[in-house]
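In case it helps, the numbering used here puts the sequence shown at residues 2 to 392. C-beta: ideal position from N, C-alpha, C; glycine also. As the structure is a prediction and not an experimental result, all values here were calculated from the model.
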Amino acid sequence: MYVVFTMVNFFLKTISTGFNRAVQINGLQRCLTVTSKQFYHCSKENLEAENETRSVSYVRTDSDYGFGRRFVVKKIEELFKLKYFEAYDIASNNRELWKVTGKLMTKNYNLCKSNDVPDEVLLKCPTILAQKDLEEKLECLKDLWIPISECIPLVVLNIKTLKSLVENDPENFLHRLKHFSELFELPTTDICSLLITKTFLKNIDLDKAERNYKLILDYGIPKEELLRDVWALRYSTENIHSRLEQGKQSNIGRLKTWMIRANKAIYNGYIKRKNENKEILGESSVEEYLSERLRCSPEQIQVIINRHPALEHKSMPKLNEIIDYLLSKGFQHYHIVRAPKILLHSLETTKLRLEELAKIGIKVESLYILTKSQKQFLQYYESLKTNPQNR
2 MYVVFTMVNF
12 FLKTISTGFN
22 RAVQINGLQR
32 CLTVTSKQFY
42 HCSKENLEAE
52 NETRSVSYVR
62 TDSDYGFGRR
72 FVVKKIEELF
82 KLKYFEAYDI
92 ASNNRELWKV
102 TGKLMTKNYN
112 LCKSNDVPDE
122 VLLKCPTILA
132 QKDLEEKLEC
142 LKDLWIPISE
152 CIPLVVLNIK
162 TLKSLVENDP
172 ENFLHRLKHF
182 SELFELPTTD
192 ICSLLITKTF
202 LKNIDLDKAE
212 RNYKLILDYG
222 IPKEELLRDV
232 WALRYSTENI
242 HSRLEQGKQS
252 NIGRLKTWMI
262 RANKAIYNGY
272 IKRKNENKEI
282 LGESSVEEYL
292 SERLRCSPEQ
302 IQVIINRHPA
312 LEHKSMPKLN
322 EIIDYLLSKG
332 FQHYHIVRAP
342 KILLHSLETT
352 KLRLEELAKI
362 GIKVESLYIL
372 TKSQKQFLQY
382 YESLKTNPQN
392 R
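Structural data, given as structure tokens:
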């Protein structure tokens, strides 16, 4: 009996001690919770203020001293007040900016603004902001006696080239700028941008340039196309006249500036193909011809050409030959319409593949497999050859 009483008493004491400890621990937890909440609420404003200060400081350092596209994007957004995607396009198209810091870009921007250069001009030639010796170059441009904003794209040239252009004979160079501006009907800033990439304009005889320019326009080539390919002006007037007259007499359609620059053999080959195509097409278009040959609607042909634009420029004799061959092998017009890519393959390749399949007893019911790459076709061929059950 005594033993039982002792055990019960011990058990009750243990429970009591555990309960008291639990209460103490629970109280401590509550205390800690309350204390942490109080600390959180007390220091929240200070922490936010500190984080904000750090964030602003980091962004400024980031855009001023970082290298690469993402830093350039931030700096362009900041300087020109542009949206992100506009700034991203400018940064992507002007990799020279990736190699300089935002601090230099800001310095150059402020220097340009102090010389009354508008943002529109800077956005046309953003690499101005990447010049490490911009101040010296701007001083050099003052010898031209025209507003800096009209000739500022020239600062993209290295300082030695710029000085040789401007300081040696500024009056003659200024006359050249104004002459091209009137001839091309473009502002001086655009002429300066042309001079940067089309360096021959710095030395070409002005009378020759004017003769060639007017001659090319007389043959119906649009001014916009010529200004995109100003290199055509370099060639002799006789050569330009000969090339364009040959194209006109051959009745090959609209003349283009590349015909002036192209190798003679390439140009003659182009004229030959055009004439061969015309013999087959007559007055019909490629769409009308294919619609008639493949016995389908013009709308279907238009869909096919949209998917395979190269068909419009395919040699018509070769196209005609492929269609004739496929029809002679028992294929129907609808087979070609379902796999029009076959028309872009050479006749030799198509013949070879059909012969290889015929050797292992395969009769092709769809032209689709014949349009595959050489690797894909060989895989298909080997699978049929090694596993007759796949045939």
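TODO: Look at the alpha carbon of Glu398 and the alpha carbon of Asn94, and state the distance between them as a whole number of angstroms.
DONE: Residue 398 lies beyond the residue range present for the chain, which begins at 2 and ends at 392; the question has no answer from this structure.
- [ ] Pick helix, strand or coil for Ser329, following the three-state DSSP scheme.
- [x] Looking up residue 329 in the sequence shown gives position 328. In the displayed model, Ser329 falls within a helix according to three-state DSSP.
Task: Three-state secondary structure (DSSP) of Leu83 - done: Counting from one through the sequence shown, the residue named residue 83 turns up at place 82. Coil.
Open item on the list: Considering only their Cβ atoms, is the gap separating Leu124 from Phe81 smaller than 8 Å?
Closed with: Against the sequence shown, residue 81 aligns to sequence position 80. Against the sequence shown, residue 124 aligns to sequence position 123. Yes.
Task: Straight-line Cα distance separating Val73 from Arg55 - done: Within the sequence shown, the letter at position 54 stands for residue 55. Within the sequence shown, the letter at position 72 stands for residue 73. With a pLDDT of 34 at Arg55, under the threshold of 50, the predicted position of this residue should be treated as unreliable, and no value is reported.
Open item on the list: What would DSSP say about Arg31, mapped onto helix, strand or coil?
Closed with: Here residue 31 refers to the residue found at position 30 of the sequence shown. Its pLDDT being 41, under 50, Arg31 is placed unreliably in this model, and the value from its coordinates should be taken loosely. The three-state secondary structure of Arg31, taken from DSSP, is helix.
- [ ] Excluding the 5 residues preceding and the 5 following Ile305 in the sequence, name in chain order all residues of the same chain whose CB lies nearer than 8 Å to its CB.
- [x] Taking the first residue of the sequence shown as 1, we reach residue 305 at position 304. Scanning its chain for C-beta atoms nearer than 8 Å, with the 5 sequence neighbours on each side dropped, one finds around Ile305 the residues Leu291, Leu312, Val338 and Pro341, in chain order.
Open item on the list: Using only CA atoms, which one of Lys319, Cys141 and Ser251 lies nearest to Glu168?
Closed with: Locating residue 168 in the sequence shown gives position 167, counting from the first residue. Looking only at Lys319, Cys141 and Ser251, the smallest Cα-Cα distance to Glu168 is reached by Cys141.
- [ ] Would you mind sorting Tyr66 into buried or exposed? The rule is 16 or more other CB atoms within 10 Å of its CB.
- [x] As a working note, residue 66 is residue 65 in the sequence shown. Classification for Tyr66: exposed.
TODO: May I have the straight-line CA-CA distance separating Glu246 from Lys138, to the nearest angstrom?
DONE: Position 245 of the sequence shown, counted from the start, is the residue given in the question as residue 246. Position 137 of the sequence shown, counted from the start, is the residue given in the question as residue 138. In this structure, the CA atom of Glu246 is about 45 Å from the CA atom of Lys138.
Open item on the list: For Asn47, which residues in the same chain have their Cβ closer than 7 Å to its Cβ, ignoring the five residues on either side in sequence?
Closed with: Sequence index remark: in the sequence shown, residue 47 carries index 46 (1-based). Its pLDDT being 43, under 50, Asn47 is placed unreliably in this model, and the coordinates cannot settle the point.
Task: Cβ-Cβ separation, His334 to Leu358 (assumed contact under 8 Å), whole Å - done: Here residue 358 is taken as the residue at index 357 of the sequence shown, counted from 1. Here residue 334 is taken as the residue at index 333 of the sequence shown, counted from 1. Incorrect: roughly 21 Å between the Cβ atoms, too far for contact.
Task: Residues near Ser367 in its chain [Cβ-Cβ closer than 8 Å; skip 5 each side] - done: Here the question's residue 367 lines up with position 366 in the sequence shown. Only His336, Arg339 and Ala340 meet the Cβ criterion.
Task: Buried versus exposed, by CB contacts within 10 Å (16 or more), Ser384 - done: Reading the sequence shown from its first residue, position 383 is the one you call residue 384. Exposed is the call here.
Task: Simplified DSSP assignment, three categories, for Phe68 - done: In the sequence shown, residue 68 corresponds to position 67, counting from 1. It is coil, neither helix nor strand.
Task: Nearest-angstrom Cβ-Cβ length linking Ile401 and Pro318, presumed shorter than 8 Å - done: Examination of residue 401 is not possible in this model, given that the chain is present from 2 through 392 alone.
Task: Sub-8 Å separation of Leu195 and Leu202 beta-carbons - done: The residue you call residue 195 lines up with position 194 of the sequence shown. The residue you call residue 202 lines up with position 201 of the sequence shown. Taking 8 Å as the Cβ cut-off, Leu195 and Leu202 qualify as a contacting pair.
TODO: Could you check how far apart the C-beta atoms of Leu112 and Glu136 are, in whole angstroms? I think they sit under 8 Å.
DONE: Mapped onto the sequence shown, residue 112 falls at position 111. Mapped onto the sequence shown, residue 136 falls at position 135. About 6 Å separates the two Cβ atoms, so the contact holds.
Task: Exposure of Thr258, with buried meaning 16 or more beta-carbon neighbours within 10 Å - done: If you number the sequence shown from 1, residue 258 lands on position 257. Thr258 is buried by the Cβ-count criterion.
Open item on the list: Only counting the same chain, and skipping five residues up and downstream in sequence, which positions put a Cβ closer than 8 Å to that of Asn405?
Closed with: No answer is possible for residue 405: the residues shown for the chain start at 2 and end at 392.
Open item on the list: On the DSSP letters alone, give me the boundaries of the alpha helix (DSSP H) that Thr387 sits inside.
Closed with: In the sequence shown, counting from the first residue as 1, residue 387 sits at position 386. Start and end: Gln375 to Thr387.
Task: Coil, strand or helix - Arg235 by DSSP - done: For the purposes of this step, residue 235 is taken as residue 234 along the sequence shown, with counting starting at 1. DSSP, read as helix, strand or coil, puts Arg235 in helix.
Open item on the list: Suppose the cutoff is 7 Å on Cβ atoms and the five residues either side in sequence are ignored; what does the same chain contact list for Glu151 look like?
Closed with: Stepping through the sequence shown from its first residue, residue 151 is reached at position 150. Closer than 7 Å at Cβ, skipping near neighbours: Thr189 and Thr190.
Task: Integer-rounded CB distance, given that Ile205 should sit under 8 Å from Leu234 - done: Position 233 of the sequence shown, counted from the start, is the residue given in the question as residue 234. Position 204 of the sequence shown, counted from the start, is the residue given in the question as residue 205. Right, their Cβ atoms sit about 7 Å apart.
TODO: Determine, using beta carbons only, whether Arg244 and Met260 come nearer to each other than 8 Å.
DONE: The residue you call residue 244 lines up with position 243 of the sequence shown. The residue you call residue 260 lines up with position 259 of the sequence shown. In this structure, Arg244 sits near Met260, with a CB-CB distance shorter than 8 Å.
Open item on the list: Does Leu158 come out as helix, strand or coil in the three-state DSSP assignment?
Closed with: Taking the sequence shown and counting its residues from 1, the one referred to as residue 158 is at position 157. Three-state DSSP puts Leu158 in coil, outside helix and strand.
- [ ] Apply the 10 Å Cβ neighbour rule to Arg177 and answer buried if 16 or more other Cβ atoms are within range, or exposed otherwise.
- [x] Here residue 177 is taken as the residue at index 176 of the sequence shown, counted from 1. The C-beta of Arg177 has 16 or more other C-beta atoms within 10 Å across all chains shown, which makes the residue buried.
TODO: Label Leu145 either buried or exposed according to how many other C-beta atoms from any shown protein chain fall within 10 Å of its C-beta, with 16 as the threshold for buried.
DONE: On the sequence shown, position 144 is the one that residue 145 refers to. By the 10 Å Cβ count, Leu145 comes out buried.
Task: Counted within 10 angstroms of its Cβ, other Cβ atoms place Gly238 as buried (16 or more) or exposed - done: As a first step, residue 238 must be located in the sequence shown, where it is residue number 237. Position check: residue 238 holds Thr in this sequence, whereas Gly was assumed. Label assigned to Thr238: exposed.
- [ ] Tell whether a beta-carbon distance below 8 Å holds between Tyr110 and Leu83.
- [x] As a first step, residue 110 must be located in the sequence shown, where it is residue number 109. As a first step, residue 83 must be located in the sequence shown, where it is residue number 82. Result no, Cβ atoms of Tyr110 and Leu83 do not sit closer than 8 Å.
TODO: Go ahead and pull the three-state DSSP assignment for Gln247.
DONE: For the purposes of this step, residue 247 is taken as the residue at position 246 of the sequence shown. Under the three-state reduction of DSSP output, Gln247 falls in the helix class.
- [ ] Report all residues from its chain with a CB closer than 8 Å to the CB of Leu105; omit the five preceding and five following residues, and keep chain order.
- [x] For the purposes of this step, residue 105 is taken as residue 104 along the sequence shown, with counting starting at 1. Cβ within range, chain order: Leu130, Ala131 and Lys133.
TODO: Find out if the Cβ-Cβ distance for the pair Tyr220, Lys249 is shorter than 8 Å.
DONE: Here the question's residue 220 lines up with position 219 in the sequence shown. Here the question's residue 249 lines up with position 248 in the sequence shown. The criterion of a C-beta distance shorter than 8 Å is satisfied by Tyr220 and Lys249.
- [ ] Could you have a look at Gln132 and say whether DSSP puts it in helix, strand or coil?
- [x] Reading the sequence shown from its first residue, position 131 is the one you call residue 132. Here Gln132 sits in coil by DSSP.
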